[in-house]
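Heads up: the structure comes next, in structure tokens.
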Amino acid sequence: MTASPSGKAPAPAPLTGSAAPCWVNLTTLDLDSAQAFYGRVLGWTFRRGGLGPGFAIALRGGVPVAGIGAMAAAYRVAVAWTPYFAVADADATAARIRERSGTVAVGPMALGRGRGALVADRDGAMFGIWQRPGPTTSPPAPDDHSHARLRLHTRNAFDAAIFYGEVLGWESGRPGCCEVSYEKDEVVVDCDGHRLARISSGAVEAAPDPLVRPHWQVHFPVGNVAATVASAQANGGRLAERPATARDGEATLLDPDGGLFTVIDAQGSGASDSD
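Residue 27 in our numbering sits at position 40 of the sequence shown, and the numbers go up by one each step.
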């Protein structure tokens, strides 16, 4: 929690950000074009990060909210948004991932002043682990909604929850650990009473769907979904999906290099899920 400068009740630290339980990072082909696209579409500004000239930190209201690295070609990985979960020990977490049939693709290696790795769960969904150099606090969001929200689309939500719970220490009983529960055929993960992620695989009693390509999907809350879709299309992006049930409250987009992300109505019915 962060203290309020006005003396009011403390404002909750965001669940995604430079010192939060999770950080989101875009691996892309061209840093300048990515900054131009996301700056126009999501209103972000940027500063250079500490990982070299090919990496930048995205800011919303002056607060770090995401990273963008032009590393897709160098590491031969797909252009994608990836969540990085904070861990106490990247090497120990990587060992637990291997022990539970996951994959360690890159690292652990130096990541700024900390250590990190790009990994995959046992169904192939890519994510990252991130060991911070020391305890820090996250500044609150500059408005009344979170920086980003997460959803894992997978074949078996129950099995995935067990995997992530074991490797990331969810429900470990330690101070600050996350809680896992079930809600409307999904596994939901809460930290400090706020929604960090949802894990979805369809109805609880349904058999795992072999056609599902497991992946983490990053959702960015915006003030106007329709306007954001129009801006994305005007700047070289494409509309990938707009669920009929979501109306104007959600849309999944592709950036010009193929990075998939979802925008959701910050004030809509799902706004309280993460905030």
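C-beta: ideal position from N, C-alpha, C; glycine also.
Just tell me which of the options has its CA closest to the CA of residue i.
i      : options                           : result
VAL52  : VAL205, HIS134, VAL66 and THR215  : HIS134
MET113 : GLU153, LEU226 and HIS202         : HIS202
ASP76  : ARG119, CYS178 and GLN22          : ARG119
ARG229 : VAL250, TRP10, VAL50 and TRP31    : VAL250
ASN222 : LEU241, SER168 and ALA43          : LEU241
ARG225 : TRP157, GLY49 and VAL28           : VAL28
PRO70  : GLN220, ALA213, HIS206 and SER218 : HIS206
GLN254 : ILE84, ALA227, PRO208 and SER20   : PRO208
LEU18  : ASN12, GLY41, GLY36 and TYR25     : GLY41
ALA57  : THR80, ILE84 and SER20            : SER20
Could you tell me which residues DSSP puts in a beta bridge with residue i?
i      : result
ILE44  : ARG34 and GLY54
PHE207 : VAL250
CYS178 : HIS181
THR173 : Per the sequence shown, the amino acid found at residue 173 is Glu instead of Thr. DSSP, once it has assigned bridges, lists GLU170 and SER187 as partnering GLU173.
GLU237 : ILE251
Can you find the residues in the same chain that come closer than 7 Å, C-beta to C-beta, to residue i, ignoring five residues on each side of it along the sequence?
i      : result
ALA144 : GLU173, VAL174, ILE186, SER187 and SER188
ARG109 : ARG87, SER88, GLY89 and PHE150
GLY210 : ALA253
What residue range does the beta strand (DSSP E) around residue i cover?
i      : result
THR69  : 67 to 74
TRP10  : 9 to 14
VAL167 : 166 to 170
ARG225 : 225 to 228
Along the chain, where does the alpha helix (DSSP H) that runs through residue i open and close?
i      : result
GLN22  : 18 to 29
SER218 : 212 to 221
Please go through the same chain and pick out, in chain order, the residues whose beta-carbon is closer than 8 Å to the beta-carbon of residue i, but skip the five residues on each side of it.
i     : result
LEU46 : TRP31, THR32, PHE33, ARG34 and VAL52
Leaving out five residues before and five after residue i in sequence, what residues of the same chain have Cβ atoms less than 6 Å from its Cβ?
i      : result
ASP244 : THR15, LEU16 and VAL66
GLY101 : GLN118, ARG119 and PRO120
ARG200 : none
LEU105 : ALA92, VAL93 and GLY115
Indicate whether at least one CB of chain C lies closer than 7 Å to the CB of residue i.
i      : result
LEU105 : No chain C appears in the structure shown, which is made up of a single protein chain.
Every unbroken beta strand (DSSP E) within the segment 76 to 146, with a cutoff of 3 residues, ordered by chain = 90 to 98, 101 to 107, 113 to 118 and 136 to 140
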